[in-house]
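Participant:
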Amino acid sequence: FHTPVASSRAVGGPSLADYDNDRVHEVVVTPKLNVTALAGKNNIPGFNNGSGTEATFKAPYGIAVDAAGTTIYVADTGNHAIRKIVVDTKQVSTWAGGNKGLKNGKGTDAQFTDPKALEVTGDGLVYVADTGNHVVRRIAKDGTVSTYAGSSTKGYLDGDVGNAKFTSPRGIAVNSKGVVYIADTDNHRIRVVTPYCKEWACTNASYCDDGNECTDDACSLTSKVCSNVNKSGGSCANNKGSCSNGVCNQG
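This note's numbering puts the first residue of the sequence shown at 26, with every later residue one more than the last.
#1: Where E144 and V217 are concerned, what is the direct C-alpha to C-alpha distance, given to the nearest angstrom?
#2: Quick check: the Cα distance between A12 and D91, rounded to an integer number of angstroms?
#3: Could you round the C-beta distance between Y292 and K141 to whole angstroms and report it? I think they count as a contact, below 8 Å.
#4: If you reduce the DSSP assignment to three classes, tell me which class T81 lands in.
#5: Is D209 helix, strand or coil by DSSP?
#6: Comparing alpha-carbon positions, which option in V161, D113 and R108 lies nearest A129?
#7: Measuring only the C-alpha atoms, how far is T169 from T138?
#8: Could you tell me how far apart the beta carbons of K109 and T95 are, in whole angstroms, since I believe they sit closer than 8 Å?
#9: Can you grab the Cα-Cα spacing for the pair V204 / Y152, in whole Å?
#10: By DSSP, does D155 sit in helix, in strand, or in coil?
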């Protein structure tokens, strides 16, 4: 290896991001450990999709595996992209990004800058530490990329997800309740993003705008909808408007 930086477990055994060799390896657990190249060409950087070693990466840094263990997601740092590897076929594709910048959008229309860590939740959402942009991004199951937390201006500031500031975050984890933990590297801190459904939720709300139930006042998104049971009437939290057709409208 040459600077192995991250690993995650897929079907058959762990996978390893080999940063300076521009490769992803798999470790097959048989009577003894056997390490083979899963994807990428040894020390040949590039940005080609394809099967196994036909594909190329540039300084892959982060790696994560979906709940089924069948799909590997790679933070392809040098290509400013999130790549996807199907374990059975070793087929590599570009899931999102591919150009340097900060742009939300779907798939390759989105832009990242030096993404270095990622996490896949049980329901298939991918969270990315977009290191060079000083933000956390989220990729929906259809490949749509949005900015989840951070203002894109480096610094240190707690607060609402859109105003908070990070400096070069390089690690990320998400627990089963949707709480996001961020290694805010150059601020030397571990930051926590706690989802909630208070500010704009109707006072009778029992469901979040992503369809999940409120549990201990926590949703995976900031809720802006009324209860699925009673979508009209009632009032919004803090008297900030009224419920209409299931939505809290600002008064």
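Even glycine gets a Cβ: it sits at the ideal position worked out from N, Cα and C. This one's a predicted model, so the numbers in the text were calculated from it and none came from an experiment.
Facilitator: Considering the structure as presented:
#1: On the sequence shown, residue 144 is found 119 positions in, with the first residue counted as 1. On the sequence shown, residue 217 is found 192 positions in, with the first residue counted as 1. Each residue's Cα considered, the two are about 15 Å apart.
#2: Summary: the structure shown does not reach residue 12, with the chain confined to residues 26 through 276, and so no result is reported for it.
#3: Limits of the chain in this structure are 26 at one end and 276 at the other, which puts residue 292 out of reach.
#4: For this step, residue 81 is matched to residue 56 along the sequence shown. T81 falls in the coil class under three-state DSSP.
#5: Start at 1 with the first residue of the sequence shown, and residue 209 comes out as number 184. In the structure shown, D209 sits in a strand (DSSP, three-state: E or B).
#6: In the sequence shown, counting from the first residue as 1, residue 129 sits at position 104. Residue 129 is actually Asn in this sequence, not Ala. The shortest C-alpha separation from N129 is found at V161.
#7: To locate residue 169, count along the sequence shown from 1; it is residue 144. To locate residue 138, count along the sequence shown from 1; it is residue 113. One C-alpha to the other measures close to 17 Å.
#8: One-based indexing of the sequence shown puts residue 109 at position 84. One-based indexing of the sequence shown puts residue 95 at position 70. Wrong, their Cβ atoms sit about 11 Å apart, outside the cutoff.
#9: Locating residue 204 in the sequence shown gives position 179, where the first residue counts as 1. Locating residue 152 in the sequence shown gives position 127, where the first residue counts as 1. Approximately 11 Å, taken between the alpha carbons.
#10: Mapped onto the sequence shown, residue 155 falls at position 130. Correct three-state label for D155: strand.
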